[in-house]
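> Under the UniProt record's numbering, the letters of the sequence shown match residues 1 to 562, in that order.
I have a structure here, written as C-alpha cells, and I will follow up with some questions on it.
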Amino acid sequence: MTTSASYLNRLRVLLGDPLEDDHPFSFATAVKADLDGDSLDLQAKALVDTGFIRQIIPAHWNSGGELVDLEAVLEMARLLAGRNPSLMPRLMYSIGAITVLDLAGTEAQRKILSDWLLAGHSVALAVNEPGIRSDLINNQTKAERQGDWYVINGRKWLVGQAEKARALMVMAKTGAGGPAAFSLFLIDRQPQWESTLPHPRAELSGMKGIDVADVDIDVACVNVANRVGGEGEGIELVFRAESVIKLLSIGAMLGPCESALRLTYGEISKQANGGHPHQHFLLAGAYADYRIMDSVAKAAARFASFRPQHFPVAAAVAKQIAQEFSNRIFTSLMAALGARSVLAEEPVSAILQKLRRDGEVAQYMDINPQVNLGMLANQLPSLSKRRAKLEPGLADALFSQLQAELSPSSPCPAMVLAKVPMLNRAGEPLTDLLPGLAARFAKAVSEQDRAVVDALQEAETRFAALEEGMTELLALRQGERPEAVNAGAQFARLYAVSCCTLSALSEGGDDLLPFMLQRLLAGDRYAFGGEDRFYQAAWHSLAEAMGASEDVYGDERRQAAV
Numbered sequence: 001m002t003t004s005a006s007y008l009n010r011l012r013v014l015l016g017d018p019l020e021d022d023h024p025f026s027f028a029t030a031v032k033a034d035l036d037g038d039s040l041d042l043q044a045k046a047l048v049d050t051g052f053i054r055q056i057i058p059a060h061w062n063s064g065g066e067l068v069d070l071e072a073v074l075e076m077a078r079l080l081a082g083r084n085p086s087l088m089p090r091l092m093y094s095i096g097a098i099t100v101l102d103l104a105g106t107e108a109q110r111k112i113l114s115d116w117l118l119a120g121h122s123v124a125l126a127v128n129e130p131g132i133r134s135d136l137i138n139n140q141t142k143a144e145r146q147g148d149w150y151v152i153n154g155r156k157w158l159v160g161q162a163e164k165a166r167a168l169m170v171m172a173k174t175g176a177g178g179p180a181a182f183s184l185f186l187i188d189r190q191p192q193w194e195s196t197l198p199h200p201r202a203e204l205s206g207m208k209g210i211d212v213a214d215v216d217i218d219v220a221c222v223n224v225a226n227r228v229g230g231e232g233e234g235i236e237l238v239f240r241a242e243s244v245i246k247l248l249s250i251g252a253m254l255g256p257c258e259s260a261l262r263l264t265y266g267e268i269s270k271q272a273n274g275g276h277p278h279q280h281f282l283l284a285g286a287y288a289d290y291r292i293m294d295s296v297a298k299a300a301a302r303f304a305s306f307r308p309q310h311f312p313v314a315a316a317v318a319k320q321i322a323q324e325f326s327n328r329i330f331t332s333l334m335a336a337l338g339a340r341s342v343l344a345e346e347p348v349s350a351i352l353q354k355l356r357r358d359g360e361v362a363q364y365m366d367i368n369p370q371v372n373l374g375m376l377a378n379q380l381p382s383l384s385k386r387r388a389k390l391e392p393g394l395a396d397a398l399f400s401q402l403q404a405e406l407s408p409s410s411p412c413p414a415m416v417l418a419k420v421p422m423l424n425r426a427g428e429p430l431t432d433l434l435p436g437l438a439a440r441f442a443k444a445v446s447e448q449d450r451a452v453v454d455a456l457q458e459a460e461t462r463f464a465a466l467e468e469g470m471t472e473l474l475a476l477r478q479g480e481r482p483e484a485v486n487a488g489a490q491f492a493r494l495y496a497v498s499c500c501t502l503s504a505l506s507e508g509g510d511d512l513l514p515f516m517l518q519r520l521l522a523g524d525r526y527a528f529g530g531e532d533r534f535y536q537a538a539w540h541s542l543a544e545a546m547g548a549s550e551d552v553y554g555d556e557r558r559q560a561a562v
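Shown next, in the form of C-alpha cells:
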C-alpha cells in the first residue's frame with residue numbers, strides 16, 4: 001500500500017459515519033456549522049493532527065512532505081467536500097502557493113513554506129483584483145524596487161484564508177505593460193500585519209464560514225530573495241499552477257455529488273414501491289453523469305504524472321465537465337425528490353441544499369467557469385493545426401498506452417510539475433484517437449456493443465465538424481466570438497467520450513458506458529433515444545455502488561441526521 005493510500009484510509013476512519021449527528025464530521029454538524037457561521041477550527045485541528053498537511057507538501061522537497069501525485073490531492077478534496085465542502089478550502093488553499101514554489105521556488109523558499117505549513121499556518125495566493133474578471137493583465141497592484149527590496153501597494157480580491165494566512169503570495173506589476181510586466185512575491189505577514197489588512201469576510205451563497213475576503217496591501221516590504229521566479233514570470237507561473245488548483249474545485253464538486261447521490265438513492269429505494277420508474281431514470285442519469293465527471297477528473301490527475309505536457313487541456317476539460325455535470329446531477333436529484341427537495345426542515349433536503357450551494361461556490365474557487373471555457377476554446381485552433389492523422393501502428397500503440405495509463409492498477413509515477421506548460425503545445429492524445437476509435441473499440445471487446453460503436457462514430461463525425469468550424473474561425477481571427485466559446489464546451493464533451501471509453505476498456509469493460517456516451521452526446525438531460533437496458537444498467541450499477549454503505553444511509557439514521 002502506498003503512503004497516500006494508507007493516509008486516505010486513516011482519513012476515512014477519522015471522518016467516520018456522516019449520519020452520527022453528534023460526530024464532528026457528520027452532515028448534521030455541517031448543516032449546523034452553516035447556520036452558526038462556524039469556522040470549523042475543531043475539525044481542522046483533528047485533520048491536521050492526522051498528518052493531513054504532509055500530504056500536500058511535495059515529497060521531493062525533502063522537508064517533511066509526502067505528496068507524490070495528484071490522484072491523492074483529488075481524492076482528499078473529494079473526501080473532505082463529500083462530508084462538508086467548507087473543510088476543503090480551510091485545509092487545502094495553500095496548494096496554490098505550494099504549486100508555484102514547486103515550479104519556480106528556491107530551496108530556501110520551499111523550506112520556509114514547509115515550516116509554516118507544518119506549524120499549522122497557511123499561505124494564500126493573492127492574484128485577482130476587483131473588477132478585472134480574471135483578466136490578470138489589468139492588475140494594478142504595483143511592486144516598486146528599491147535596492148534589495150520591493151515595496152508593494154494594491155488591493156487583492158476574494159483571497160482565500162485572508163484572515164488566517166501567515167503569508168501571501170502576491171502578484172504585482174513590476175514592468176511597463178504586457179504579460180511580462182508581473183511578478184510573484186512571498187509576503188510574510190507576521191512582521192508587517194498592518195500592511196496586509198483583510199476586509200470583512202465575504203458573505204457567500206454557500207461554503208458558509210470560510211475565510212475569504214479582500215486584502216489591502218499598503219507599503220508591504222519584500223526582500224528580493226522572496227520574489228518567486230524571475231521578474232516578469234508572474235502570469236506564466238499562475239497559469240501553470242492553475243491546472244493543479246483546478247483539481248481542488250473539481251474535488252469540491254465531486255464530493256457533494258457523491259454524497260447527494262447516496263442520500264437520494266437511500267430515500268428513493270426505501271419507498272414502499274421502491275421508487276417510481278421516472279425516479280429511477282433520474283437517479284440512473286445522475287449516476288451516469290457522476291461517473292463521467294469521475295472518469296475525466298481521474299484522467300486529468302493521472303496525466304499530471306504520465307503526460308504533464310498534456311495536463312493543461314486535461315485539467316481545463318475536467319473543470320468544464322465537472323461544472324456542467326454537477327449542475328445536472330443536482331437538478332436530477334431534486335427532481336427525483338419532488339416538492340420535498342425545497343423543504344428547508346426536511347432532513348435529507350436540508351443536507352442536499354447545503355451540498356448544492358457549496359458545490360456551486362466551488363465552481364468559482366479557482367477560475368471563472370466561462371473564463372476556463374474561453375481559455376480552452378482559444379487553444380482549439382492551434383490543437384487542430386497540429387493534429388495529424390496517426391499512422392495505424394502509432395495509433396494502435398497510443399491506444400494501448402493510454403489504456404495502461406488510465407488503469408487504476410497502474411501506479412502513477414511521481415509527478416514533475418516543472419514539465420507542465422502554460423498552454424498545451426504538444427497536441428492532445430485523447431482526441432487524436434477519436435478518428436478510428438469506434439473500430440478499435442469493436443476489436444478490443446469480445447462482445448461488440450453496437451450502441452457504443454454507433455456513439456463513437458457519431459462523436460467522430462461531430463469532432464470533424466468542430467475542427468472544420470474552428471479552422472474557419474481562426475482564419476477570420478474570431479477566436480473570441482461566442483461560437484468559439486461554445487466550441488470549447490463541445491470539445492470538452494467529445495474529449496470526455498474518448499476518455500470514458502478508454503477508461504472503461506482499461507478496467508475490462510463497463511456496462512454503464514453506453515448510457516454515459518449517450519448523455520455526453522445528448523444536449524438535454526431528459527433526452528433518451530436508447531434502450532431501456534441503458535438506464536436499467538445504470539440503476540443497477542448505482543445500487544451496487546451504494547450497497548456497501550446502505551446501512552449508513554438507512555431510514556432511521558437519515559431522519560436523525562438533521
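Glycine included, every Cβ here is placed at the ideal spot set by N, Cα and C.
Between the Cα of Ala545 and the Cα atoms of Ala284, Thr29, Trp61, which residue gives the shortest distance?
Taking the first residue of the sequence shown as 1, we reach residue 545 at position 545. Considering only alpha carbons, the answer is Ala284.
> Between the alpha carbons of Ile152 and Ser63, how many angstroms are there, rounded?
Numbered from 1 along the sequence shown, position 152 holds the residue referred to as residue 152. Numbered from 1 along the sequence shown, position 63 holds the residue referred to as residue 63. Approximately 29 Å between the Cα atoms of the pair.
> Compute the Euclidean distance between the alpha carbons of Ser341 and Val296, then round it to the nearest angstrom.
By one-based count along the sequence shown, residue 341 stands at place 341. By one-based count along the sequence shown, residue 296 stands at place 296. Whole-angstrom Cα-Cα distance: 29 Å.
> Distance, Cα to Cα, Val123 vs Val48?
What you label residue 123 is simply residue 123 of the sequence shown in a count that begins at 1. What you label residue 48 is simply residue 48 of the sequence shown in a count that begins at 1. Approximately 15 Å, taken between the alpha carbons.
> Between the Cα of Phe441 and those of Ala414, Ile57, Val453, spot the shortest distance and give me the residue it belongs to.
Position 441 of the sequence shown holds residue 441. Nearest option by C-alpha distance: Val453.
> Report back the beta-carbon spacing between Arg78 and Leu40 to the nearest angstrom; my notes put them in contact at under 8 Å.
Position 78 of the sequence shown, counting from 1, holds the residue named residue 78. Position 40 of the sequence shown, counting from 1, holds the residue named residue 40. Contact doesn't hold; Cβ gap of about 18 Å is too wide.
> To the nearest angstrom, how far is it from the Cα of Arg240 to the Cα of Val420?
Working through the sequence shown from its first residue, we reach residue 240 at position 240. Working through the sequence shown from its first residue, we reach residue 420 at position 420. Taking the straight line joining both Cα atoms gives about 7 Å.
> Taking DSSP as the reference, what is the three-state secondary structure of Ile187?
Walking along the sequence shown from the start, residue 187 turns up at place 187. Of the three classes helix, strand and coil, the one that applies to Ile187 here is strand, per DSSP.
> Looking at chain C, is there any beta carbon in it that lies within less than 8 Å of the beta carbon of Pro200?
No chain C appears in the structure shown, which is made up of a single protein chain.
> For the region 419 to 437 and the region 299 to 319, state whether three or more C-beta atom pairs, one from each stretch, are separated by less than 8 Å.
Because the criterion of three Cβ pairs below 8 Å is met, the region 419 to 437 and the region 299 to 319 touch.
> Going by beta carbon distance, what residues of the same chain come within less than 6 Å of Val212, once the five residues before and after it are set aside?
On the sequence shown, position 212 is the one that residue 212 refers to. So the qualifying residues of the chain are Leu158, Gly160, Ala202.
> If you run the structure through DSSP and keep just helix, strand and coil, what is Val159?
Indexing the sequence shown from 1 puts residue 159 at position 159. Strand at Val159.
> Do the region 189 to 206 and the region 229 to 246 meet, that is, are 3 or more Cβ pairs less than 8 Å apart?
No, the region 189 to 206 does not touch the region 229 to 246.
> Figure out for me which residue from Phe515, Met334, Ser6, Ala301 has the closest Cα to the Cα of Ala318.
Working through the sequence shown from its first residue, we reach residue 318 at position 318. Among Phe515, Met334, Ser6, Ala301, the Cα nearest to that of Ala318 belongs to Ala301.
> Please specify which runs of the alpha helix (DSSP H), each continuous and at least 4 residues long, are wholly inside the region 211 to 299, giving them in chain order.
As far as the region 211 to 299 is concerned, its whole alpha helix (DSSP H) runs of at least 4 residues are 234 to 269.
> Using a Cβ-Cβ cutoff of less than 8 Å, which residues in the same chain neighbour Leu261 once the five nearest sequence positions on both sides are dropped?
Within the sequence shown, numbered from 1, the residue matching residue 261 stands at position 261. Taken in chain order, the residues that qualify are Leu283, Ala286, Tyr287, Tyr290, Ile329, Leu333, Leu542, Met546.
> Suppose the cutoff is 8 Å on Cβ atoms and the five residues either side in sequence are ignored; what does the same chain contact list for Trp149 look like?
Counting from one through the sequence shown, the residue named residue 149 turns up at place 149. The residues are Cys221, Val222, Asn223, Val224.
> Need the endpoints of the beta strand (DSSP E) that Ala126 sits in, please.
Walking along the sequence shown from the start, residue 126 turns up at place 126. Taken as a continuous stretch (DSSP letters only), the beta strand (DSSP E) holding Ala126 covers 123 to 126.
> In whole angstroms, what separates the C-alpha of Ala44 from that of Met92?
What you label residue 44 is simply residue 44 of the sequence shown in a count that begins at 1. What you label residue 92 is simply residue 92 of the sequence shown in a count that begins at 1. Roughly 11 Å separates the two Cα atoms.
> From Glu66, Pro24, Met88, pick the residue whose C-alpha is nearest to that of Met415; which is it?
In the sequence shown, residue 415 corresponds to position 415, counting from 1. Of the candidates Glu66, Pro24, Met88, the one whose C-alpha sits nearest the C-alpha of Met415 is Glu66.
> Taking the alpha-carbon positions, what's the Ala81 to Gly51 distance?
Residue numbering aside, residue 81 sits at position 81 when the sequence shown is read from its first letter. Residue numbering aside, residue 51 sits at position 51 when the sequence shown is read from its first letter. Their backbone Cα atoms lie some 18 Å apart in a straight line.
> Any contact of the region 490 to 508 with the region 255 to 272, i.e. 3+ C-beta pairs under 8 Å?
The answer is no - the region 255 to 272 does not touch the region 490 to 508, with fewer than three Cβ pairs under 8 Å.
> Are the region 125 to 133 and the region 162 to 173 touching, with three or more C-beta to C-beta distances below 8 Å?
Output reads yes: the region 162 to 173 touches the region 125 to 133.
> Ile217 and Lys156 look like a contact to me (Cβ under 8 Å); what is the Cβ gap, rounded to whole Å?
Position 217 of the sequence shown, counted from the first residue, corresponds to residue 217. Position 156 of the sequence shown, counted from the first residue, corresponds to residue 156. Yes, Ile217 and Lys156 are in contact; Cβ-Cβ is about 7 Å, under 8 Å.
> If you follow the alpha helix (DSSP H) that Glu405 is part of, which residue opens it and which one closes it?
Here residue 405 corresponds to residue number 405 of the sequence shown, with the count starting at 1. Looking at the DSSP string, the run of the alpha helix (DSSP H) that includes Glu405 is 392 to 406.
> Helix, strand or coil for Met171 per DSSP?
In the sequence shown, the residue the question calls residue 171 occupies position 171. If DSSP states are grouped into helix, strand and coil, Met171 belongs with the strands.
> Could you tell me if Thr461 is buried or exposed, where buried requires 16 or more neighbouring beta carbons within 10 angstroms of its beta carbon?
Working through the sequence shown from its first residue, we reach residue 461 at position 461. With fewer than 16 other Cβ atoms within 10 Å, it is exposed.
> Measuring CA to CA, which of Leu8, Asn138, Ser4, Pro198 is closest to Asp214?
Stepping through the sequence shown from its first residue, residue 214 is reached at position 214. It is Pro198.
> In angstroms with no decimal places, state the Cα-to-Cα distance between Leu204 and Thr471.
The residue given as residue 204 occupies position 204 in the sequence shown. The residue given as residue 471 occupies position 471 in the sequence shown. So the alpha carbons of these two residues sit roughly 41 Å apart.
> Using C-beta distances below 7 Å, list every residue in its chain close to Glu231, excluding the 5 sequence neighbours before and after it, in chain order.
Here residue 231 corresponds to residue number 231 of the sequence shown, with the count starting at 1. Same-chain partners within the cutoff: Thr174, Ser183.
> Of all the options Gln146, Lys32, Ile53, which has the alpha carbon lying nearest to the alpha carbon of Leu11?
Start at 1 with the first residue of the sequence shown, and residue 11 comes out as number 11. Closest by alpha carbon: Ile53.
> Report back the beta-carbon spacing between Leu136 and Ile235 to the nearest angstrom; my notes put them in contact at under 8 Å.
Here residue 136 is taken as the residue at index 136 of the sequence shown, counted from 1. Here residue 235 is taken as the residue at index 235 of the sequence shown, counted from 1. Confirmed, about 5 Å.
> How far does the beta strand (DSSP E) with Arg145 in it extend, from its first residue to its last?
Translated into positions along the sequence shown, residue 145 becomes position 145. Here the beta strand (DSSP E) through Arg145 covers 142 to 146.
> Based on Cα-Cα distance, which residue from Ala28, Leu14, Gln363 lies nearest to Glu20?
Position 20 of the sequence shown holds residue 20. Of Ala28, Leu14, Gln363, the residue nearest in Cα terms is Ala28.
> Could you name the residues of the same chain whose beta carbon sits closer than 6 Å to that of Leu337, not counting the 5 residues immediately before and after it, in chain order?
Sequence index remark: in the sequence shown, residue 337 carries index 337 (1-based). For Leu337, where only same-chain residues beyond five positions count, there are no Cβ hits under 6 Å.
> Under DSSP, the alpha helix (DSSP H) around Thr501 begins and ends at which residues?
Residue 501 sits at position 501 when you count from the first residue of the sequence shown. That run of the alpha helix (DSSP H) goes 482 to 506.
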